[in-house]
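To start, the structure itself, in C-alpha cells.
Protein chains in written order, with our numbering: chain A, 3 to 459; chain B, 3 to 459.
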C-alpha cells in the first residue's frame, strides 16, 4: 500500500465535527460518506450520541477500531488539539477542510498543524481545501450540496487543484457532461501533501489514465519539473496554469499567495516537461477526454465524414489551421464507399454523405476509413437536424470506436435532440465536440502527445 | 415596402406541393405556417381538396385572393411550369426549396427558372435551399421536424447562410441556448437573390442589430465588399468563411461549387470591410450575442468580480492575452466595496468576494464598478457550487445590465444547477460564457468593433 493510499482507499473514516445541522459542513461530509462509502464511518462530536443513525464518539480516542482517515471540519483554533488526538490514535491520514490558517495570516496555527503531523508521521491534506473525491471508493469530503455540485461517474481522468473553486466547477461540469473521473484532490495550503506528492501517487495509480491540474505556484520547482517530465512519458498531464501573464501572476499572489513566478519560466518548464497547457476548464476537458478515451494516432492525417457539406468545409479549414492534414483517401476506399451511396454524395475527403444519410451510410464510410492506411484519425460529423439519422447512429459509431484501431472524434451542433445524442456518444467513450475549431485543437494536442511518446511520426 | 420584404412580411402565402403525408416536405412546411403565421395560407395540390382543414387549390391560378409569397416544394422538373403560373398570378416572391438543379448538373432547369423569374419580375430565393425563417412574422419554410430543429425566440441577430446544414444547426443551437433571432435565410443556388441582396435588406431592417453569415464564395466580389464596408459602420457583421485554407477551399469547390477564391484575398477583403471573422458556430454566437445585447465599451479596461479566486486568476490571464487591461480601480471604489464585505475578501481587481458571497455582495461590487470611470467593461464570474449564491443573483445582474451604461459579460461553469442559471441570465440579455478564454475573446472583438465605429479610444 502506498503512502497516500489511505486518503483514497481507507477502510475506516472518522468525521470530526460531524453535525446534526444540515447547514454545517460536518453534516454534508458525513451525509456524503453515508450515501456511498463502503468502509466504517465514525462521526466525532463531543455533544451528541448519534447522528443520522450512527453512533457518535466524543473524541477520536473513544473510537473502538482503527481509523485510517480522519476528516477535520471544525474551527481552526480547535484543530491542533484534535490533531494531537488523531496522532495518539494512530490515524494514517488527515484531511483538514477548515479554513482560517495562513491564508488569513494565522501562520502560527498552521505551524502547529505541521509540527503535530510530523511528530506522529501522519500525512495531511489541507488545511483550507475541499479535500478528496474518489469516484471508485467514494471517499468524498466535498462539502458543497449535491444539487449544486454533482459528482461525476467513475472513469480515467484525475485532477489535482490548488483552487477549491476551480476544482468544484470541474467536477460539477464533468458530471453534467458525462465525463468520467478517477480521483480529485484539492490540496489548499499544502502544509504537508503538495502537488508533487499527489502527482507521484497518480503516476502509479492504475485507474488514472490522464492527469489534469490547476496550479498557480509551487514550493518545489525542481522536483515538480522532474516529476512531470517522468510522468508525461507514461501518461498525459494537462495543466491550467493560473498566472501565465503579468496580470494573472499578480492576481495569483493575492489568491494563493504562491509565488506564481515568472510566466516565461513556467512556460518553458511546462513545455520541457511535456505538459499540455490548457487555457481554461473547457480546453482541459477537450484534451483530457480524447486522451482518456481514444487510442493515440500514428500520424496527423485526418479522414472526415459528414452529412452537411458546409461543416465539411469548416472542418477542412480547422484541420489545416491546426497543423493537421486532410488524408488522401486510397482509390479502394473511394470505390468501397461509392458502391453504397447515392450519386449525389461527394466521395472524397471530406466524405459528404449528404443530408439524407442514414446510419448504414455512415457505417460504410467508417469501415472504409478504418481500413485505409492513409487515414490516421477519423473525424465524424453528425448533424441531427434532418430526419435521416436515427439514434442507431450511436451504436454504429461506438462499435467502431470500441475496436480501438484508430482514434474516432465526433462533432455535432444543435439543440435538445442533438445534445441528448451527444451525451450518449460521450458516455460510450466517443469524445464529441460542438465546435470544429475545438475538435481540431484537441486532435492536434493528441497527435503532438503521440509524437512526444514516440507513437507517431 | 422594400423589394425583398414580401419574403419576410407577406400578407398571404401559397404552399405549392402541400401534402397530407407527414413525411413530405410540403406537409412540414404547411404545418409550420399553420402553427404560427398570421396571414392567409393557400395550400396548392392538384389531387386533393383539403389539407389539415384548409381548402386546397389545384393551381395557384385558382386562388381567389392575391399571393405575396409562393413556397415551391415539388420535384425539380415540375418547377418551371408552376413558376410560370406564379408569374401569371402576379406573385411577388418565390422560395424554391426543391433540389435537383445546377448542384447535380441540371443547369438547364436552373436557367429556365431564372428566365421565368425575370420575365415576371418575381424575386426568387433558392432553389436547393431551406429558405426563410422570420421569428417575428413566423414565415417558416424550414422543412426539418421541429423536434430535431427547434426554432429560436425572436431577437436581434439575423443570419444569411450559403449552407443549409450550417444554417439549420445554428437555429437549433440558438433555440436551445436561449439566443434571439430576427431573420434567417438559406439562399442555396442563388438563381436570383444572393448574399449581397440579403445583406442590403438586413442593413435597413430595424429588428436586426447584428448580422451573421456563412459564406463559401460569391459571384459579386466587388459589390459584396462595398456592401459589407458600408454596413459594418452601422451594424456588426460576423462571418464564418468556409474555405479559409487550401484544404477548406478545395472542399468548398466540391460543396457549393462556388469559387472560394484565394484565402488571402478573402482575408484581406473581410478585414478591410470591417467584418468580424469567426472560426465556427460557437465563436459566431460568442461575438453576436455580446454585440446584440450589450452597449459598446468606451475602452479596453475590464473590471472583474468573482466568488472563486482561481477563476479570477484565469480571467486575468485571459484578459491580458486578448489585448485587454485589468482596470485600475479608484480608491473610492475600493473603499465602497470594502465597507460591505468581510475582511477576508480581496478588494482589488479582480474583486474576490470569496466563496460565501451572496447576491448583496455582488450588488455592492457591481454598483461600485459601474460608477468607476476607470472601468469600461464588467466581467462578472459567478460560481454556483457553493450555497451562498441564490437565484436572486439573476435579478441583480440583469438590473445592472438593463442600465446599458457599460457592457456586462458573465461567466459560470458547472452542471445542471449552473446551466439552468446560465440560461436565465442569457434570456434576460446578459451574455454568459462557460470559458474565460472565450469571454475574453468576445470582449476583445466587442472592443475592436467599438474602436472601428469610433465609439472607443
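Each residue gets a CB set at the ideal place from its N, CA and C atoms; glycine is no exception. Owing to the predicted nature of the structure, the values given are computational and were not obtained by experimental measurement.
| Check | Outcome |
| --- | --- |
| Given a limit of 9 Å on CB to CB distance, which residues of the stretch 284-316 of chain A reach chain B? | 284, 285, 306, 308, 309, 310, 311, 312, 313, 314, 315, 316 |
| In whole angstroms, what separates the C-alpha of residue 296/B from that of residue 172/B? | 21 Å |
| Report yes or no: is there a C-beta of chain B within less than 8 Å of the C-beta of residue 386/A? | yes |
| Taking 6 Å as the limit between beta carbons, can you name the residues of its chain near residue 405/B, skipping five residues before and five after? | none |
| What separation, rounded to the nearest whole angstrom, lies between the Cα atoms of residue 51/A and residue 12/A? | 24 Å |
| What is the DSSP secondary structure of residue 156/A, counted as helix, strand or coil? | strand |
| For residue 257/B, which residues in chain A fall below 8 Å Cβ to Cβ? | 311, 312, 314, 315, 348, 354 |
| Kindly identify the DSSP beta-bridge partner or partners of residue 243/A. | 217/A |
| Can you tell which of 443/A, 112/A, 140/A has the C-alpha that lies nearest to the C-alpha of residue 14/A? | 140/A |
| Does any residue of chain B bring its CB to less than 8 Å from the CB of residue 247/A? | yes |
| Looking at the structure shown, is residue 10/A part of a helix, part of a strand, or coil, going by DSSP? | helix |
| For residue 138/A, is the classification buried or exposed, using 16 other Cβ atoms within 10 angstroms of its Cβ as the cut-off for buried? | exposed |
| Since I believe residue 448/B is in contact with residue 292/B (beta carbons under 8 Å), could you give me their beta-carbon distance rounded to a whole number of angstroms? | 5 Å |
| Hey, is residue 106/A's beta-carbon within less than 8 Å of any beta-carbon in chain B? | yes |
| Please go through the same chain and pick out, in chain order, the residues whose beta-carbon is closer than 6 Å to the beta-carbon of residue 198/B, but skip the five residues on each side of it. | 222, 225, 226, 229 |
| My output table needs one value for residue 326/B: the three-state DSSP class, helix, strand or coil. | coil |
| Name the DSSP bridge partner or partners of residue 18/B? | 46/B, 74/B |
| Measure from the C-beta of residue 3/A to each C-beta in chain B and report whether the shortest distance is under 8 Å. | Because the pLDDT of residue 3/A is 45, which lies under 50, any placement of that residue in the model is unreliable, and the number read from its coordinates should be weighed accordingly. No, its Cβ sits nowhere closer than 8 Å to a Cβ of chain B. |
| Just mark residue 49/A as buried or exposed, buried being the case when its beta carbon has 16 or more other beta carbons within 10 Å. | exposed |
| How long is the line joining the alpha carbons of residue 133/A and residue 125/A, rounded to whole angstroms? | 13 Å |
| Can you name the start and end residues of the beta strand (DSSP E) that residue 419/A belongs to? | No beta strand (DSSP E) holds residue 419/A; the alpha helix (DSSP H) holding it covers 418-429. |
| Please tell me whether residue 83/A has its Cβ less than 8 Å away from any Cβ of chain B. | no |
| Rounded to a whole number of angstroms, what is the C-alpha to C-alpha distance between residue 429/B and residue 181/B? | 7 Å |
| So which of 390/A, 29/A, 154/A has the shortest CA-CA distance to residue 356/A? | 390/A |
| Are residue 81/B and residue 129/B closer than 8 Å when you measure CB to CB? | yes |
| Taking 8 Å as the limit between beta carbons, can you name the residues of its chain near residue 248/A, skipping five residues before and five after? | 265 |
| With a threshold of 8 Å between beta-carbons, can residue 337/A be considered close to chain B, or not? | no |
| Could you give the DSSP three-state label for residue 151/A: helix, strand or coil? | coil |
| In whole angstroms, what separates the C-alpha of residue 193/B from that of residue 127/B? | 7 Å |
| In whole angstroms, what separates the C-alpha of residue 62/A from that of residue 8/A? | 17 Å |
| For the putative contact between residue 354/A and residue 305/A, defined by C-beta atoms under 8 Å, what is the C-beta separation to the nearest angstrom? | Not confirmed; about 13 Å, so no contact. |
| Do you know offhand how far residue 319/B's Cα is from residue 251/A's? | 8 Å |
| For the stretch 238-246 of chain B against the stretch 275-293 of chain B, are there 3 or more C-beta pairs whose distance is under 8 Å? | yes |
| Using a Cβ-Cβ cut-off of less than 7 Å, give me the residues of the stretch 431-454 of chain B that come near chain A, in sequence order. | 436, 437, 438, 439 |
| Could you pull out every unbroken beta strand (DSSP E) segment of at least 3 residues lying fully inside the stretch 334-399 of chain A, listed in chain order? | 379-383 |
| Could you work out which residue in 258/B, 93/B, 246/B is closest to residue 163/B when comparing CA atoms only? | 258/B |
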